[in-house]
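K.L.:
Pasting a structure below so you can have a look.
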Amino acid sequence: KNEVEQSPQNLTAQEEEFITINCSYSVGISALHWLQQHPGGGIVSLFMLSSGKKKHGRLIATINIQEKHSSLHITASHPRDSAVYICAVMNRDDKIIFGKGTRLHILP
Amino acid sequence: EAGVAQSPRYKIIEKRQSVAFWCNPISGHATLYWYQQILGQGPKLLIQFQNNGVVDDSQLPKDRFSAERLKGVDSTLKIQPAKLEDSAVYLCASSLYLGGGREQFFGPGTRLTVL
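Order-wise, the sequence lines are chains L and W.
According to the numbering used here, the first sequence is numbered sequentially starting from 666.
According to the numbering used here, the second sequence is numbered sequentially starting from -14.
Take a look at the structure:
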């Protein structure tokens, strides 16, 4: 079993839909990252969080440390949100462990 | 603030050839990472530097891969000789320093295709 599991693996939705991507992890962590990767490979860090909730524009990230679970939400989704979203955790040894990513496709 | 720079962006080589990638981290970032991302998978750490010293290279295939960060700033990753299974995106990232869950900043990646 992977230490970081994401669901769903693939998600296709219509423009304006509310999107939720989930991440569960099995190790103790110091921080959790949500990353966005567009075709071509470049990765952009969206959030780094260790508790509670963060919001940036239409993106919201939450984390529940007790349940070892985090969610990334996108409100009013848009085709330009189409990308791979990767959950990554930093464990107690400062090693970063990546999930396999969720491929999101927003249809116009 | 300039981000992490990588070059080349794309490279196509034949198996058994050699290839080198370059990374220039964000100015002042002491920690530099090289990741390999095979299609459909999350990135895998190859090597981690703190200044010019290696912190972790446990997953680096040392028979063919090598990396250096001689002056503690930019870094090169080399593959010699390349195999078909080395086809991947090679990502470089940097963070201010090691520890404390520091945020990593990623470069655009180098997409390697081995024919």
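Where a beta carbon is used, it is the ideal one built from N, C-alpha and C, also for glycine.
#1: Can you pull out the residues from the stretch 715 to 738 of chain L whose beta carbon lies closer than 8 Å to at least one beta carbon of chain W?
#2: Tell me whether residue 704 of chain L is buried or exposed, calling it buried when 16 or more other Cβ atoms sit within 10 Å of its Cβ.
#3: Provide the residue span of the beta strand (DSSP E) that contains residue 700 of chain L, from first to last.
#4: Assuming the contact rule is C-beta atoms closer than 8 Å, residue 711 of chain L and residue 696 of chain L should be a hit. Round their C-beta distance to whole Å, please.
#5: Are the CB atoms of residue 95 of chain W and residue 18 of chain W within a distance shorter than 9 Å?
#6: Determine the contact status of residue 769 of chain L and residue 708 of chain L, defining contact as a CB-CB distance below 9 Å.
#7: May I have the straight-line CA-CA distance separating residue 48 of chain W from residue 765 of chain L, to the nearest angstrom?
#8: Anything in chain W within Cβ reach of residue 710 of chain L, meaning under 8 Å, just list it in chain order.
#9: At the 9 Å Cβ level, is residue 692 of chain L part of the contact set with chain W, yes or no?
#10: Name, please, each residue of chain W whose Cβ falls closer than 7 Å to the Cβ of residue 683 of chain L.
#11: Following a CB-centred definition, is residue -10 of chain W positioned closer than 8 Å to any heavy atom of the ligand ZN?
#12: Could you tell me whether any Cβ in chain W is nearer than 9 Å to the Cβ of residue 696 of chain L?
#13: Roughly how many angstroms lie between the CA atoms of residue 122 of chain W and residue 65 of chain W, to the nearest whole one?
#14: What does residue 96 of chain W pair with, by DSSP beta-bridge criteria?
#15: Taking a Cβ distance cut-off of 8 Å, strictly less, list which residues of the stretch 738 to 768 of chain L are near chain W, in chain order.
#16: Is residue 94 of chain W close to chain L? Criterion is C-beta to C-beta, closer than 9 Å.
#17: Identify, in the order they occur along the chain, each residue of the same chain with its Cβ nearer than 8 Å to the Cβ of residue 718 of chain L, setting aside the five sequence neighbours on each side.
#18: Terminal residues of the continuous beta strand (DSSP E) containing residue 754 of chain L?
#19: So that I know if they touch, is there some Cβ in chain L lying closer than 9 Å to that of residue 78 of chain W?
#20: Would you call residue 758 of chain L buried or exposed, if buried means 16 or more other Cβ atoms sit within 10 Å of its Cβ?
#21: In its own chain, which residues sit with a C-beta less than 6 Å from the C-beta of residue 1 of chain W, not counting the 5 before and 5 after it?
#22: Return the CA-CA distance between residue 13 of chain W and residue 80 of chain W, expressed in angstroms with no decimal places.
#23: At a CB distance below 8 Å, what residues from the stretch 24 to 36 of chain W approach chain L? Give them in sequence order.
P.N.:
Once the coordinates are examined:
#1: Legend: CB atoms of the stretch 715 to 738 of chain L lying less than 8 Å from CB atoms of chain W belong to residues 715.
#2: Taking the first residue of the first sequence as position 1, residue 704 of chain L is located at position 39. Answer is exposed; the Cβ neighbour count stays below 16.
#3: To locate residue 700 of chain L, count along the first sequence from 1; it is residue 35. Residue 700 of chain L -> beta strand (DSSP E) spans 694 to 702.
#4: Residue 711 of chain L sits at position 46 when you count from the first residue of the first sequence. Residue 696 of chain L sits at position 31 when you count from the first residue of the first sequence. A Cβ-Cβ separation of about 13 Å leaves residue 711 of chain L out of contact with residue 696 of chain L under the 8 Å criterion.
#5: Mapped onto the second sequence, residue 18 of chain W falls at position 33. Mapped onto the second sequence, residue 95 of chain W falls at position 110. No, the pair does not count as a contact, with Cβ atoms beyond the cut-off.
#6: Here residue 769 of chain L refers to the residue found at position 104 of the first sequence. Here residue 708 of chain L refers to the residue found at position 43 of the first sequence. Going by C-beta atoms, residue 769 of chain L is not nearer than 9 Å to residue 708 of chain L.
#7: For this step, residue 48 of chain W is matched to residue 63 along the second sequence. For this step, residue 765 of chain L is matched to residue 100 along the first sequence. Roughly 27 Å separates the two Cα atoms.
#8: On the first sequence, position 45 is the one that residue 710 of chain L refers to. Those within 8 Å of residue 710 of chain L in chain W are 88, 89, 90, 91.
#9: Here residue 692 of chain L is taken as the residue at index 27 of the first sequence, counted from 1. Output row for residue 692 of chain L: interface = no.
#10: As a first step, residue 683 of chain L must be located in the first sequence, where it is residue number 18. Simply none; closest approach about 25 Å.
#11: The ligand ZN is absent from the structure shown, which contains no ligand whatsoever.
#12: Locating residue 696 of chain L in the first sequence gives position 31, counting from the first residue. By this cut-off, residue 696 of chain L is an interface position.
#13: Here chain W covers residues -14 to 100 and nothing more, so residue 122 of chain W does not appear.
#14: As a position in the second sequence, residue 96 of chain W is number 111, starting the count at 1. Note: residue 96 of chain W sits in a beta bridge opposite W:-5, W:74.
#15: The residues in question are 751, 753, 755, 759, 760, 761, 763, 764, 765, 766.
#16: Locating residue 94 of chain W in the second sequence gives position 109, counting from the first residue. Among the CB atoms of chain L, one or more fall inside 9 Å of the CB of residue 94 of chain W.
#17: One-based indexing of the first sequence puts residue 718 of chain L at position 53. Exclusion of the five residues before and after residue 718 of chain L leaves 725, 726, 727, 728 as the residues of its chain whose Cβ lies within less than 8 Å of its Cβ.
#18: Locating residue 754 of chain L in the first sequence gives position 89, counting from the first residue. First-last of the beta strand (DSSP E) with residue 754 of chain L: 748 to 756.
#19: Within the second sequence, the letter at position 93 stands for residue 78 of chain W. Answer yes: the Cβ-Cβ gap between residue 78 of chain W and chain L drops below 9 Å somewhere.
#20: Counted from its first residue, the first sequence places residue 758 of chain L at position 93. Residue 758 of chain L is classed as exposed because its beta carbon has fewer than 16 other beta carbons within 10 Å across all chains shown.
#21: Reading the second sequence from its first residue, position 16 is the one you call residue 1 of chain W. Once the five neighbours on either side are set aside, the close Cβ partners of residue 1 of chain W are 66.
#22: Counting from 1 along the second sequence, the entry for residue 13 of chain W is found at position 28. Counting from 1 along the second sequence, the entry for residue 80 of chain W is found at position 95. Answer to the nearest angstrom: the Cα atoms are 9 Å apart.
#23: Listed by position along the chain: 25, 26, 27, 28, 29, 30.
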